[in-house]
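Here the structure is laid out as structure tokens; the discussion comes afterwards.
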């Protein structure tokens, strides 16, 4: 490169107007050629971007609100024993409030959930098989105790809410299953029945063991009675007490 | 989302709540509106000055970055602003902005360069004419006004574009981010230019004796400036 302050011997800059003009000054042809040669050439990738698959937009950063709702849904699934999924069609507000009131009396809460939040939560948890239920507008009836009979009774009177399925005590039940479950006796009654059935045999053990001696006692009593009946002056043989067995 | 029969079924999802913009670090100057610029400086010049047009040529060295505001008008060419332009800018911006939530600041000084005009209809000769009015010189890449406050770019852009159109040189409304973006793009273009022949290379090494047809100023201007014009598409 030339040293600073060096000027060429000849310069063709003394003709026409000054350097800075209000109008667009006509360029020397050589300068035009130089500008044409040194134009910007954009890079050409080997594969044109038209042939490549469209670049996916990066997923937008997660909404704090969506995260909160997801946490709430997880909490609901963890804390409740019974989760029933129902289809919800729009119904008048007062009917909705009445239904909520009746269900609240049986300690059942009504929760509105958005499918786009519940689906990822379920997909990662163990309730994967509940995914097909969350398609249309739905509500969740959650409760820490399993009172299917009262729930069915309430829902029978409301045509706009249809039970699709339920997950009771980590068991997935369909609509039929829930109805059968409701017809079962309550847990306490069935527990009592089982305990009674199990305790039946042990309760008979003592009577079984006492069968021999009690038979002997009955025979001896019968013998004494007969002797007393037949020979009044005859001395009755000494009674064998019941203490020798 | 298409439903049965190909008809689009509208579907409502979760509302994406957007946080409102944060205007915490903004200090308002005492007077939010633009100051009135005098037609003639306080001490009017007696001596007539030569018409130094080189104060229009080339890139600007001062007022190229934002100081107080967030949005402004960037000059993309050289020119002179006289009192009429100043009044137009002051009144248009004052009419469109809200002094309670926005402020505007000048980035050019008041007119101080005297411009002479000979009276109409006379022949050449008879000396230099008397001073007619005063102007300020503006080079390309300089900010003319800055606007800031509790407002977003979309609010400010329409009237800034209106003002920019009426200036004697090409100008665009910019924000801090858009100016940064412009500079970044320029830098990227310079870096990924596939042409092995650049103006800079040819001029500094005087290939083919090109400097015979070019000015010594082209060593600094690098073919991006021609007179008062700024060639945006170059390199």
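Chains as they are written, first to last, in the working numbering: chain A, 1 to 245; chain B, 1 to 235.
Just so it is clear, CB atoms sit at the ideal spot from N, CA and C, and this is done for glycine as well.
Item: Three-way DSSP call (helix, strand, coil) for residue 126 (chain B) in this model; Value: coil
Item: Interface residues of the segment 40-73 of chain A facing chain B [CB-CB below 9 Å]; Value: 40, 41, 42, 43, 44, 60, 63, 64, 65, 66, 69
Item: Buried or exposed by the 16-neighbour rule on C-beta atoms within 10 Å, applied to residue 97 (chain A); Value: exposed
Item: Contact under 8 Å by Cβ, residue 32 (chain A) with residue 210 (chain B); Value: no
Item: Interface partners of residue 37 (chain A) on chain B, CB under 7 Å; Value: 197
Item: Cutoff 6 Å; reference residue 222 (chain B); Cβ partners in own chain excluding five residues on either side; Value: 199, 200
Item: Any C-beta of chain B under 8 Å from that of residue 7 (chain A); Value: yes
Item: Boundaries (first-last residue) of the alpha helix (DSSP H) holding residue 177 (chain A); Value: 175-183
Item: Alpha-carbon to alpha-carbon, residue 67 (chain A) and residue 19 (chain B); Value: 16 Å
Item: Beta-carbon neighbours of residue 194 (chain B), restricted to chain A and to distances below 8 Å; Value: 41, 42, 43, 44
Item: One or two residues paired with residue 136 (chain B) in a DSSP bridge; Value: B:81
Item: Span of the beta strand (DSSP E) around residue 113 (chain B); Value: 113-116
Item: Contact under 8 Å by Cβ, residue 140 (chain B) with residue 77 (chain B); Value: yes
Item: C-beta atoms of residue 71 (chain B) and residue 169 (chain B) nearer than 8 Å; Value: no
Item: Ordered list of beta strand (DSSP E) runs contained in the segment 26-81 of chain B, each at least 3 residues; Value: 71-75
Item: Beta carbon proximity, residue 137 (chain A) to chain B, threshold 8 Å; Value: no
Item: Exposure of residue 126 (chain B), with buried meaning 16 or more beta-carbon neighbours within 10 Å; Value: exposed
Item: Cβ pair residue 165 (chain B), residue 105 (chain B) closer than 8 Å; Value: no
Item: Minimum Cβ-Cβ distance from residue 239 (chain B) to chain A less than 8 Å; Value: The question about residue 239 (chain B) has no answer, for chain B in this structure spans 1 to 235.
Item: Residues that residue 210 (chain B) contacts on chain A, provided the C-beta gap is smaller than 9 Å; Value: 30, 31, 34
Item: Sheet register partners of residue 167 (chain A) (DSSP bridge); Value: A:83, A:172
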